[in-house]
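For the sequence shown, counting from 1, position 292 maps to 292 in the UniProt record's numbering; every step adds exactly one.
A virtual CB, placed ideally from N, CA and C, is assigned to each residue, including glycine.
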Amino acid sequence: TFKERGPRSVSRKRKPYGQNLPIAKRTARGGGEAVYLSDSWTVGLRTMERLRVSPPTVHYCSTRGVFDTQFPLTPSVNFSPEETGDSFGATEASSRPDRSGRPWIHLLPHELLLLIFQFYAGMHTPVRNLVRLKLVCKLWQHIVEGTPSLWCWISAKEALPRVRKALAMAKDVPLEIRYPEKGAKTKQENFFAEIRGSITHWRSFVVSTGNTDSVVAVLRSAVAPNIETFHLYGSYRWNRGPVTLFGGEAAPRVLTDFAVHYIPVIMEPLQLSGLRSLDLRELPIISAEEVLRILSVSPALEHCCLQSLECLKDFALPGHKQESLTRHGIKTSTIQLSHLRSLTLEPGIRAPYHSHISSHPGPGGSDKQCPGNRHYLIRRQ
1 TFKERGPRSV SRKRKPYGQN LPIAKRTARG GGEAVYLSDS WTVGLRTMER
51 LRVSPPTVHY CSTRGVFDTQ FPLTPSVNFS PEETGDSFGA TEASSRPDRS
101 GRPWIHLLPH ELLLLIFQFY AGMHTPVRNL VRLKLVCKLW QHIVEGTPSL
151 WCWISAKEAL PRVRKALAMA KDVPLEIRYP EKGAKTKQEN FFAEIRGSIT
201 HWRSFVVSTG NTDSVVAVLR SAVAPNIETF HLYGSYRWNR GPVTLFGGEA
251 APRVLTDFAV HYIPVIMEPL QLSGLRSLDL RELPIISAEE VLRILSVSPA
301 LEHCCLQSLE CLKDFALPGH KQESLTRHGI KTSTIQLSHL RSLTLEPGIR
351 APYHSHISSH PGPGGSDKQC PGNRHYLIRR Q
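Put into structure tokens, the structure is as follows:
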């Protein structure tokens, strides 16, 4: 085989174990060292000796992003050799012992393992992935079963028994609710019946639904006091009538990311304010003054998308409505959104009323990059 591949292959030497890792060091601001670990979980002896700095900033690099954290490079939890022994055919790299007889993977600090597990669990099939991690060894089983935050993703892309397991393992940690109608393996009625009792723990709620009443029944019943992200995507054929959220009460103050598509949500009772992201599409019942009110009380707004809103096509407000807004301290000509990063109006508003919302319109509509990586897309009639 070597002869067929030529002399270049014959002279090629295999690097010693542990030297193939893409690991680099840089000087951290605190005077220590910053260590960059790739997706590889294999850590050689020489590498671990180089990692013994106090205390480092560890950056775990992955295709999904970079996590930064600071911690000492010693495990936070001490386990006996029996607990750290492999129980389910661990990889060759992780089971190869170092000088002390421990597998390389067990030299990683507890905090770094948690970050890796969070990456691996993901948001679509977290329970399935976490169950796989538990089978590697007793140490990983202790970490997975003893960390409720790893079970915070409640996804309908998993079967109902796994949804129940995630809710049980998460205990009282904030929950990330995900129900994609496409690809769901749990019926909508069953899914929302299970998560209804944990509404006080919802931190994010991202749901796409058709013409069904299950999700609406849950949202009408009670307030989610700790919800920060609320995305409700309906079908353009929605025929269930207007929807009142949170029992007609005001939205929680911690809510900063709000999006509704196609479902005629009654917006006025929510009294939205302090938003950082607003995405409204095809809402026939929202009024122009309510849009202005939300914009005026959300000075930190970064992303705004107002698409196919009937109230914006003829944006001129009657005199009495302008006076009403003025009495409440809202001046329609001076709304300033200094933190705005992106603005989308489609189809846009009739000139010259676009000046009430954006000071960067093009001559006949614009799609332009502005200073500070700001993006404005305005299509006006």
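- Sequence-distant Cβ neighbours of Glu302 in its own chain, meaning closer than 7 Å and more than five residues away, are Arg276, Ser277, His339, Leu340 and Arg341.
- Cβ contact annotation for Val297 (same chain, cutoff 6 Å, sequence separation greater than five): Ser273, in chain order.
- Just measuring C-alpha positions, the residue of Arg128, Val127, Leu133 and His124 sitting nearest Ile116 is Leu133.
- A contact is defined here as three or more CB-CB pairs under 8 Å, and the segment 197 to 204 meets this definition with respect to the segment 161 to 178.
- The straight-line gap separating the alpha-carbon atoms of Glu289 and Met267 is approximately 11 Å.
- Ser208 is classed as buried because its beta carbon has at least 16 other beta carbons within 10 Å across all chains shown.
- Annotation: the segment 232 to 283 contains the following complete segments of the beta strand (DSSP E) (minimum length 3 residues), in chain order: 257 to 261 and 277 to 281.
- Approximately 6 Å separates the beta-carbon atoms of Ser221 and Gly247; this is inside 8 Å, confirming the contact.
- Counting C-beta pairs with one atom in each stretch, the segment 257 to 267 and the segment 227 to 237 have three or more that are closer than 8 Å, which means they touch.
- When C-alpha distances from Pro126 are compared across Trp104, His106, Trp153 and Leu113, the shortest belongs to Trp153.
- A straight-line Cα-Cα distance of about 14 Å links Pro180 and Asn190.
- When rounded, the separation of the alpha-carbon atoms in Arg196 and Leu219 is 9 Å.
- In chain order, Asp279 and Thr344 place their CB closer than 6 Å to the CB of Cys305, counting only its own chain and leaving out the 5 sequence neighbours on each side.
- Pairing Asn129 with Ile335, the inter-Cα distance amounts to about 47 Å.
- Beyond the five residues adjoining it in sequence on each side, Trp140 comes within less than 6 Å, by CB distance, of Leu133 in the same chain, given in chain order.
- A straight-line Cα-Cα distance of about 26 Å links Gln118 and Tyr233.
- Going by beta carbons, Ala156 and Ala193 fall outside the 9 Å limit.
- A straight-line Cα-Cα distance of about 13 Å links Lys187 and Arg162.
- Rounded to whole angstroms, the separation of the alpha carbons of Val265 and Ser287 is 12 Å.
- DSSP places His110 in no beta strand (DSSP E) but in the uninterrupted alpha helix (DSSP H) bounded by His110 to Ala121.
- With distances taken between CA atoms, Val223 lies nearest to Ile199 out of Asn239, Ile199 and Lys165.
- Exclusion of the five residues before and after Ser308 leaves Arg281, Glu282, Glu346 and Pro347 as the residues of its chain whose Cβ lies within less than 8 Å of its Cβ.
- When the alpha-carbon of Glu310 is set against those of Pro299, Leu292 and Ile285, the nearest one is in Ile285.
- For Glu176, there is no enclosing alpha helix (DSSP H); the enclosing beta strand (DSSP E) covers residues Leu175 to Tyr179.
- A Cβ-Cβ distance of about 6 Å is found for the pair Pro148 and Met169, placing them in contact under the 8 Å criterion.
- Its chain contains Glu181 and Ser235 as the residues whose beta carbon lies nearer than 7 Å to that of Gly210, once the 5 sequence neighbours on both sides are disregarded; these appear in chain order.
- Distance from Leu150 to Ala121 at the Cβ level is roughly 6 Å; contact confirmed, criterion being Cβ atoms closer than 8 Å.
- Annotated as distal: Ala250 and Pro225, with beta-carbon spacing of 9 Å or more.
- By the CB criterion at 9 Å, Ile263 and Val291 fall outside the cutoff.
- Assignment of beta-bridge partners to Thr229 by DSSP yields Ser204 and Asp257.
- Secondary structure at Ile154: strand, using DSSP grouped into helix, strand and coil.
- Looking at the DSSP output, Cys311 sits in no beta bridge, so it has no partner there.
- When Val215, Gly146 and Val131 are compared, the shortest CA-CA separation from Lys171 is found for Gly146.
- Judged by DSSP secondary structure, Trp140 falls within the alpha helix (DSSP H) whose first and last residues are Lys138 to Glu145.
- It is roughly 28 Å from the alpha-carbon of Leu312 to the alpha-carbon of Val215.
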